[in-house]
Amino acid sequence: MKNKEMIFVCNNCGNEFSKWMGQCSSCGEWNTLKEVKSLGKAIKGSTHRSTRTFEKLEVKNLAVLRQDFGSVKENGGVFSTGISEFDRVLGKGIVQGSAVLFAGEPGIGKSTLLTQLIGKIGGLYVAGEESAEQIGLRVKRLGLNANNFDILGTNSIDEIEEFLDRTKNVYKIAVVDSIQVMSSENATGVIGSVGQIKESTFRLIQIAKKKGMAIFIVGHVTKDGDIAGPKLLEHMVDTVLYFEGEKNGDLRILRTTKNRFGPTDEVGVFKMEEKGLREIKSEEINLIENGENKIGSAITVTMEGTRPMMLEIQALVVESFAPMPKRIFSGIDYNRGQLMIAIAQKSLGMPLYKYDVFLSVTGGIKIEETAADLAVLAAMWSSYKSTPNPSFDKEGRKSLPVWVGEVSLLGEVKKTRNWEKRQKEAETMGRRVVEMKNVKEIKNL
Ligand code: TYD
Ligand code: MG
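Here's what the structure looks like:
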């Protein structure tokens, strides 16, 4: 094979071809093939690392492995972020040598939280999107100690690696902001292409393991929920964190969807304020206003990890003038919402085929639990009837309702886990969880 061959690389999926095509035969995208110079044998296959030194490879016996880790202590090399909500989400804290994907929509506060992290424990901030001056301004605004920050302004993974080799192991953590603007000479494709993102992530993971430092990789998520340049990074890293919330609102939830070192159902709650993100303790989470029930509103208690959270679900059910009635949901899973509409039609007799249905969750929180099913139905019922759901009698006293329960296809209501915890949370607002066996009971509460 000739050395300086020209090849064609798809910007979308990173696949390589010997011929140009209008449509990538691998991912089906149009006009994504770009002509690039082949790097000869380095380019063969999908893992083309030209700098590999095979002579250095050796096997390690597990019994003697411990001493290799040097500074790893009995706690297994876990250290605190200095931010307790952050620690809780990670399990116990940051694991030495781990690669963490920190994902979220642009503008949600990823750089802010990770700046605060470095402000607390010190580390390297690889700035690919902002200048050192911009980060300096943020550090000042957040009132953090500038001494804790080493800023490396680069878009090159090769430079990061070279820098870290030169400085030896002085950093416990590094933040790479963001993976979408990183690239390496080892990979083909332009910055932001799947090939580059994959290669950059792979290299960062290798660096993390080799140096025993934790690397937080910032990844922007596009509107449709993928980590831009697909979700393909999730299986590569040790931990995946999602930072979410409504951009107009100030509440932010840090969630883990994958964690090799801890639970995946814990969340951390923050509030975006003038001076950055502030941790919110359980007692402070109060997303509902007290008082009478409103038309189209139903309160539920979801469990986010081990903490109960009271949320309001709002429904707007109005006669439709469109040939296909609208179903617009925010914070509620589309398929689950559709199912609730079908159940409402069947079990509650609501003629929703000729009504538009809008559903939303206050605070920009995404509900992932089926325990909110009953609340969705109660909110729709209230909006449809144009009357608030009434207080109900229990043990001789009237209580405002809280709706908790998974609803089956037949309209049966199933009691959910952590019932008592949810009940206790409801009581803090002077409410009670409604107990019912079938959704039909909503009608005669
Ligand atoms: P940023 O961390 O830059 O978002 P990301 O890195 O996820 O794209 O946060 C951007 C928003 O946060 C911006 O609109 C301003 C706001 N913000 C505050 O409200 N308070 C602050 O102290 C800071 C630093 C940012
Ligand atoms: Mg940012």
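Letter by letter, the sequence shown follows residues 3 to 447 in this note's numbering.
Each residue gets a CB set at the ideal place from its N, CA and C atoms; glycine is no exception.
Being a predicted model, the structure only gives us computed values, none of them experimental.
Would you say residue 2 touches ligand 2, meaning its beta carbon is less than 7 Å from a heavy atom?
Not covered by the structure: residue 2. The range shown for the chain is 3 to 447.
Among residues of its own chain, excluding the 5 on either side of residue 448, which ones have a beta-carbon nearer than 7 Å to its beta-carbon?
Any property of residue 448 remains undetermined from this structure, which presents the chain solely from 3 to 447.
Under 8 Å between the Cβ atoms of residue 91 and residue 258?
yes
Grab me the residues of residue 186's own chain with a C-beta within less than 8 Å of its C-beta, minus the 5 sequence neighbours each way, in chain order.
158, 159, 160, 198, 201, 202 and 205
Status (buried if at least 16 other CB within 10 Å, exposed otherwise) for residue 237:
exposed
Residue 95 and residue 83 - do their beta-carbons sit closer together than 8 Å?
yes
Tell me the DSSP bridge mates of residue 26?
Answer is none; residue 26 lacks a bridge partner.
Along the beta strand (DSSP E) that carries residue 316, what are the first and last residues, could you check?
309-321
Ligand 1 and residue 248: does the residue's C-beta get closer than 7 Å to at least one heavy atom of that ligand?
no
Ligand 1 heavy atoms versus the CB of residue 106: any closer than 7 Å?
yes
Is the Cβ-Cβ distance between residue 121 and residue 147 less than 8 Å?
yes
Is it buried or exposed, residue 434, if we count other Cβ atoms within 10 angstroms and call 16 or more buried?
buried
Measure from the alpha carbon of residue 428 to the alpha carbon of each residue in 339, 150 and 300, then state which is nearest.
300
Fully enclosed by the region 128-190, which beta strand (DSSP E) runs are 3 residues long or longer?
151-155 and 175-179
Looking at C-alpha atoms only, which residue of 343, 401, 242 and 13 is the closest neighbour of residue 411?
343
If you reduce the DSSP assignment to three classes, tell me which class residue 518 lands in.
Any answer about residue 518 is impossible in this case: the structure gives the chain only from 3 up to 447.
Opposite residue 242 in the DSSP bridges: which residues?
103 and 260
What distance in whole Å lies between the Cβ atoms of residue 318 and residue 298, which are believed to be in contact at a cut-off of 8 Å?
6 Å
Ligand 1 heavy atom lying under 7 Å from the CB of residue 275:
yes
Apart from the five residues just before and just after residue 124, which ones in its own chain have a Cβ nearer than 6 Å to its Cβ?
150
Do you know whose CA, among 164, 416, 283 and 100, lies nearest residue 210's CA?
100
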